[in-house]
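Colleague: This is the structure I want to talk about, given as structure tokens.
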Amino acid sequence: MELSRIETRQAADEAITFVLDHDVFATPLTPGEIQVLRQDPYDSLEGQPSAYWFCRDAMDRMAALIGIREHINHTGIYEMTCIAVSRALRQTGIGTRMLQAALQYIRDTGGRGMLVDTSDHPAYEPMRKLLIRSGFTRVGHLPSFYYPGEGTLLYYRLLEPEGAL
Ligand SMILES: CC(C)(COP(=O)(O)OP(=O)(O)OC[C@H]1O[C@@H](n2cnc3c(N)ncnc32)[C@H](O)[C@@H]1OP(=O)(O)O)[C@@H](O)C(=O)NCCC(=O)NCCS
Numbered sequence: 002m003e004l005s006r007i008e009t010r011q012a013a014d015e016a017i018t019f020v021l022d023h024d025v026f027a028t029p030l031t032p033g034e035i036q037v038l039r040q041d042p043y044d045s046l047e048g049q050p051s052a053y054w055f056c057r058d059a060m061d062r063m064a065a066l067i068g069i070r071e072h073i074n075h076t077g078i079y080e081m082t083c084i085a086v087s088r089a090l091r092q093t094g095i096g097t098r099m100l101q102a103a104l105q106y107i108r109d110t111g112g113r114g115m116l117v118d119t120s121d122h123p124a125y126e127p128m129r130k131l132l133i134r135s136g137f138t139r140v141g142h143l144p145s146f147y148y149p150g151e152g153t154l155l156y157y158r159l160l161e162p163e164g165a166l
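Be aware that the sequence shown starts at 2, since it is given in my numbering, and climbs by one per residue.
Here it is in structure tokens:
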């Protein structure tokens, strides 16, 4: 399945519709996450330091998305804004490929690493496994950070030559 960069407004429209579908994430996004996902794919078209990649399914529907944007410090560390694969296509390697593509982009553009925040809800175990398999280290846990009862796990990967933590 081909992985493409979001380079048009139409692809950004489709990506936003896909990722904000209520069936994608196991728990509700925060208001701030929704705000970022509604705007950042468009900003990535305007030369902002963010980038999005997607895959289409056999019916040509958007079926997977990953987004990264440089942290507000602007010193080469990127944050993941989203990663999601449609239910039907999970466990076929797309999530891994998208994360590798994002890390390669950071490397190629002189970036230094990636910070990921994800939920501590049990439904996010596949995300946690994906991050560990991809060389990330769990560096923190903020209880009840997203919502009361739903905390945030922080994962971090520094790229070579600085190396892993
Ligand atoms: C987290 C998520 C993006 C992972 O995407 P994915 O495409 O399913 O990930 P992969 O297929 O690369 O890897 C998942 C598993 O499938 C396995 N796998 C990969 N290719 C495979 C194949 N061809 N056949 C069988 N298994 C395969 C991987 O080894 C991995 O196994 P694991 O259970 O040991 O981790 C996906 O589960 C998802 O969209 N979840 C909902 C949204 C979400 O939670 N996002 C994170 C928000 S922070």
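Just so it is clear, CB atoms sit at the ideal spot from N, CA and C, and this is done for glycine as well.
Need the endpoints of the beta strand (DSSP E) that Thr138 sits in, please.
Modeller: Here the beta strand (DSSP E) through Thr138 covers Thr138 to Tyr148.
Colleague: Where do the ends of the beta strand (DSSP E) carrying Tyr156 lie?
Modeller: Taken as a continuous stretch (DSSP letters only), the beta strand (DSSP E) holding Tyr156 covers Glu151 to Leu159.
Colleague: For Tyr53, write down the residues that DSSP places opposite it in a beta bridge.
Modeller: Answer is Gly68, bridged to Tyr53.
Colleague: List the endpoints of the continuous beta strand (DSSP E) containing Glu80.
Modeller: Ile78 to Val86 is the extent of the beta strand (DSSP E) around Glu80.
Colleague: Judging by CA-CA distance, which residue of Glu71, Arg98 and Asn74 is the nearest neighbour of Ile84?
Modeller: Here the closest residue by C-alpha is Arg98.
Colleague: Check for me: the beta strand (DSSP E) holding Asp118 runs from which residue to which?
Modeller: Counting along the chain, the beta strand (DSSP E) containing Asp118 begins and ends at Gly114 to Ser120.
Colleague: Please indicate yes or no: does the CB of Pro127 lie closer than 7 Å to some heavy atom of ligand 1?
Modeller: Under cutoff, so the answer is yes.
Colleague: Confirm, please, whether the CB-CB distance from Ile7 to Pro50 is below 8 Å.
Modeller: Cβ atoms of Pro50 and Ile7: not closer than 8 Å.
Colleague: According to the neighbour-count rule (16 or more other Cβ atoms, all chains shown, within 10 Å of its Cβ), is Tyr79 buried or exposed?
Modeller: Per the 10 Å Cβ criterion, buried.
Colleague: Got a sec, what are the start and stop residues for the alpha helix (DSSP H) Gln105 sits in?
Modeller: First-last of the alpha helix (DSSP H) with Gln105: Ile95 to Asp109.
Colleague: What number of angstroms, rounded off, separates the C-alpha of Leu159 from the C-alpha of Met115?
Modeller: C-alpha separation (whole angstroms): 7 Å.
Colleague: Using a Cβ-Cβ cutoff of less than 8 Å, which residues in the same chain neighbour Ala102 once the five nearest sequence positions on both sides are dropped?
Modeller: Around Ala102: Leu4, Trp54 and Ile67.
Colleague: Taking the continuous alpha helix (DSSP H) assigned at Thr18, which residues delimit it?
Modeller: From DSSP, the alpha helix (DSSP H) with Thr18 extends over Arg10 to Val20.
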